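So for the sequence shown, the numbering used here puts the first residue at 66; every next one is plus one. Quick reminder that beta carbons are idealized off the backbone N, C-alpha and C, glycines included. Predicted, not measured: the structure shown is a model, and the values here were computed from it. Scroll down for the structure; my scribbles are underneath it.
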Amino acid sequence: MITLSLMAAILSGVVLALLVGASAWMLHAGLSARRRAAADAASFASLNATLSASPALAMVVRADGRLLLDQPLADRLGRSDMPASLADLGNADSGLEPGSADRLVDAITAALRGGKPFRTVVRATGSARSLFAIGERAPAALNTPGGVLVWFFDATEFHDEIATLGAEAEEYRAAFEALSSLIEAAPMPMWYRDDSLRLAMVNTAYVRAVDAADAAEVIARQVELVEGVGMGGPLASAAIARDTGQPQVAAMPATINGERRMLRVHDMPLRDGGTGGFAIDVHEIEEARGKLKRSREAQRAMLDRLSA
């Protein structure tokens, strides 16, 4: 009896120890699970708050066309009710402008069928706000196999700015074309040099002056208008203009159409580091000035002889 009682006591102690150990393990596991749950809840709350404060609103489109979205996005899409399917976005009461609704539905349909990502701009009927929609395959974590995740951003300011910049670019393009036409039609040779002083653009008068076939030949061969004499030739004045930022004027000789001519060459510094130039034919003026000078000298010599 004593032996049986001792064995029973030992067994009871072992069972009790096992129960205590199991209870301790379960308590530890429960506390760990509680801590993880609290951390997950805090993380979920943080992510939810971040998503709520995000300027982007999300919509999930399931493979069967069902929609998952919140009321704020439905309001942005011009809906007073909650659209339930993709067909609701394409009907006459979709809340979107007809063109916007067609673009969005077609893009989502293509993404559902072929997984093709898309980007498009939509606008609600009667609203001045533009929404930029970006869609792609839904990640696996959303548990929507074959579905599409669409993010909507309020792109009103960007869209208006793009339109403004587009209008400004068109104005600049028109002004550039008008200026290019004016330079091309100018009767005097005109040119542009890059920051290394290589010819990068010439007009028709320049091409005719150097007897070239076209502007491409002039640029390819780097045919200079004036001769390489006097203070380093045609590049010296352009180099001074580029380095000092001050316009330069120099009289240089050139042979144009087989005739020796004197040109007054103007080199202007430009903001991009290059220089622009044009040449004015002053040959007749220089000849008249020389004749006038010689006439004055002859008259002075004659008066000196008369005085003597």
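Whole-angstrom distance between residue j and residue i, CA atom to CA atom
| i | j | result |
| --- | --- | --- |
| MET266 | VAL126 | 55 Å |
| GLN313 | GLY298 | 13 Å |
| ALA220 | SER195 | 5 Å |
| MET317 | LEU371 | 39 Å |
| ALA98 | ALA121 | 33 Å |
| ALA94 | LEU81 | 19 Å |
| THR320 | ARG365 | 34 Å |
| GLU236 | PHE223 | 20 Å |
| PRO204 | LEU214 | 8 Å |
| VAL275 | SER302 | 19 Å |
| TRP90 | ARG100 | 15 Å |
| LEU134 | MET147 | 8 Å |
| VAL330 | LEU300 | 11 Å |
| ASN322 | ARG286 | 19 Å |
| GLU201 | ASN208 | 15 Å |
Residue i, buried or exposed, once every other Cβ within 10 Å from all chains shown has been counted against 16
| i | result |
| --- | --- |
| ALA172 | buried |
| ARG273 | exposed |
| ARG188 | buried |
| TRP256 | buried |
| LEU244 | exposed |
| PRO334 | buried |
| LEU151 | buried |
| ASN268 | buried |
| MET124 | buried |
| ALA176 | buried |
| VAL291 | buried |
| PHE241 | exposed |
| ASP153 | buried |
| ARG144 | buried |
Assumed close pair residue i, residue j - CB separation to whole angstroms, cut-off 8 Å
| i | j | result |
| --- | --- | --- |
| ASP260 | GLY338 | 4 Å |
| ALA344 | MET253 | 6 Å |
| LEU262 | VAL283 | Going by Cβ atoms, the distance from LEU262 to VAL283 rounds to 15 Å, so no, they are not a contact pair. |
| LEU161 | LEU142 | 6 Å |
Distance cut-off 8 Å: residue i Cβ against heavy atoms of the ligand NAP
| i | result |
| --- | --- |
| VAL314 | This structure does not include the ligand NAP; it has no bound ligands of any sort. |
(message) With a threshold of 8 Å, are at least 3 pairs of Cβ atoms found where one atom belongs to the region 301-315 and the other to the region 227-237?
(response) As far as the Cβ criterion goes, the region 301-315 does not touch the region 227-237, which means the pair count is below three.
(request) Mind the definition here: the region 160-175 touches the region 242-250 only if three or more C-beta pairs lie below 8 Å; say whether that holds. (result) The answer is no - the region 242-250 does not touch the region 160-175, with fewer than three Cβ pairs under 8 Å.
(message) So within the region 132-180, which uninterrupted alpha helix (DSSP H) runs reach at least 4 residues, ignoring any that extend past its ends?
(response) Those alpha helix (DSSP H) runs which fall completely within the region 132-180 and span 4+ residues are 136-141, 151-155 and 163-179.
(message) Extract the residue ranges of the alpha helix (DSSP H) inside the region 248-323, only unbroken runs of 4 or more that lie entirely within it.
(response) As far as the region 248-323 is concerned, its whole alpha helix (DSSP H) runs of at least 4 residues are 269-274, 280-286 and 299-309.
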